[in-house]
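Colleague: The structure's right below; bear with me while I get my questions together.
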Amino acid sequence: MKAAVIVFPGSNCDRDVAVALEASMGAKPLMVWHRDTQLPDLDLIVVPGGFSYGDYLRCGAMAAHSPIMREVKAKADKGARVLGICNGFQILTETGLLPGVLMRNKNLKFICRDVHLRVERNTSDFCRGYAAGAVVRFPIAHAEGNYFADAETFKALEGNGQVAFRYCTKQGEVVEAANPNGSLANVAGITNAKHNVLGLMPHPERLAEDLLGGSDGKAMFDSLVEALR
1 MKAAVIVFPG SNCDRDVAVA LEASMGAKPL MVWHRDTQLP DLDLIVVPGG
51 FSYGDYLRCG AMAAHSPIMR EVKAKADKGA RVLGICNGFQ ILTETGLLPG
101 VLMRNKNLKF ICRDVHLRVE RNTSDFCRGY AAGAVVRFPI AHAEGNYFAD
151 AETFKALEGN GQVAFRYCTK QGEVVEAANP NGSLANVAGI TNAKHNVLGL
201 MPHPERLAED LLGGSDGKAM FDSLVEALR
């Protein structure tokens, strides 16, 4: 399996996800600077969390026009798996690789804490390591995680099984009280129609080993390695 992590000015989770990937892959991923214009043959590309370009203008809007993103889109179109985490999710919506937008949290404040998520679909390569309906715990750290899409787009997302994760209670109840940011229908992560691109606001790489306080995120990276080897 060959993987790469894209690095932008302002990325702060690129090394975290590289460590998580190496633990599952047994090899270091390639670290690719955002101004590079070419990518080798890859099975997986990760667009990590952080504050690309300082979140100026609009989260992910400037990073979406970095030279490397043309290559990321081209690789995704050819079937490579692309994982966007937090700011990476924002970048993927800005590039059009995923539908919808990420807006300011409903309370207009930055939120940093653990949340519970219900696995809605486990049919993609990202989620095969989880049981459908399982509840996992990931951290969030964002000010713009409020997912929104127009009614027609969201109906298509639901119909195509593209909602991968929803915010929920520890018992798996998808209720407003469990929604940290006002996200439409408690959406925490979605895939594209071909299910080879996943974006999610919570950080699986931050809980990928017991020394970090939990390992619920490790199954995502293990699942990718198993599927792509």
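Numbering (my numbering), first residue to last: 1 to 229. Don't be surprised by glycine CBs; every beta carbon is placed ideally from N, CA and C.
Are the CB atoms of residue 145 and residue 102 within a distance shorter than 8 Å?
Modeller: For residue 102 and residue 145, yes; Cβs fall inside 8 Å.
Colleague: Give the list of continuous alpha helix (DSSP H) stretches no shorter than 4 residues that lie fully inside the segment 150-199.
Modeller: DSSP runs (the alpha helix (DSSP H)) wholly in the segment 150-199: 151-159.
Colleague: Count Cβ pairs between the segment 162-169 and the segment 57-70 that sit closer than 8 Å; are there 3 or more?
Modeller: The answer is no - the segment 57-70 does not touch the segment 162-169, with fewer than three Cβ pairs under 8 Å.
Colleague: Residue 147: buried (16+ other C-beta within 10 angstroms of its C-beta) or exposed?
Modeller: That one is buried.
Colleague: Please list, in chain order, all residues of the same chain as residue 129 whose beta carbon is under 7 Å from its beta carbon, the five residues on each side excluded.
Modeller: Within the same chain, residue 129 has close Cβ partners 219, 220, 222 and 223.
Colleague: On the DSSP letters alone, give me the boundaries of the alpha helix (DSSP H) that residue 88 sits inside.
Modeller: 87-95 is the span of the alpha helix (DSSP H), which, as asked, contains residue 88.
Colleague: Decide if residue 155 is buried, meaning its Cβ has at least 16 other Cβ atoms within 10 Å, or exposed.
Modeller: The residue in question, residue 155, is exposed, as its Cβ has fewer than 16 Cβ neighbours within 10 Å.
Colleague: Using three-state DSSP, classify residue 226 as helix, strand or coil.
Modeller: Residue 226 falls in the helix class under three-state DSSP.
Colleague: For the candidate residues 66, 136, 140 and 53, whose alpha-carbon lies nearest to that of residue 11?
Modeller: The shortest Cα separation from residue 11 among 66, 136, 140 and 53 belongs to 53.
Colleague: Any contact of the segment 116-131 with the segment 189-204, i.e. 3+ C-beta pairs under 8 Å?
Modeller: The answer is yes - the segment 189-204 touches the segment 116-131, with three or more Cβ pairs under 8 Å.
Colleague: Comparing alpha-carbon positions, which option in 94, 161 and 49 lies nearest residue 87?
Modeller: It is 49 whose Cα lies nearest to the Cα of residue 87.
Colleague: How do the segment 110-120 and the segment 28-39 stand: do at least 3 beta-carbon pairs fall below 8 Å, yes or no?
Modeller: Segments in contact, no.
Colleague: Looking only at its own chain, which residues have a Cβ that is under 6 Å from the Cβ of residue 83, when we skip the five neighbours before and after it?
Modeller: Excluding sequence neighbours, residue 83 sits near 46 and 198.
Colleague: Any idea if residue 57 is buried or exposed, counting beta-carbon neighbours within 10 angstroms, 16 or more meaning buried?
Modeller: Under this definition residue 57 is an exposed residue.
Colleague: For residue 147, which of helix, strand or coil comes out of DSSP?
Modeller: If DSSP states are grouped into helix, strand and coil, residue 147 belongs with the strands.
Colleague: Going by DSSP, what residue range makes up the beta strand (DSSP E) through residue 139?
Modeller: From DSSP, the beta strand (DSSP E) with residue 139 extends over 135-142.
Colleague: DSSP three-state label for residue 69, please.
Modeller: If DSSP states are grouped into helix, strand and coil, residue 69 belongs with the helices.
Colleague: Is residue 113 helix, strand or coil when you go by DSSP?
Modeller: Correct three-state label for residue 113: strand.
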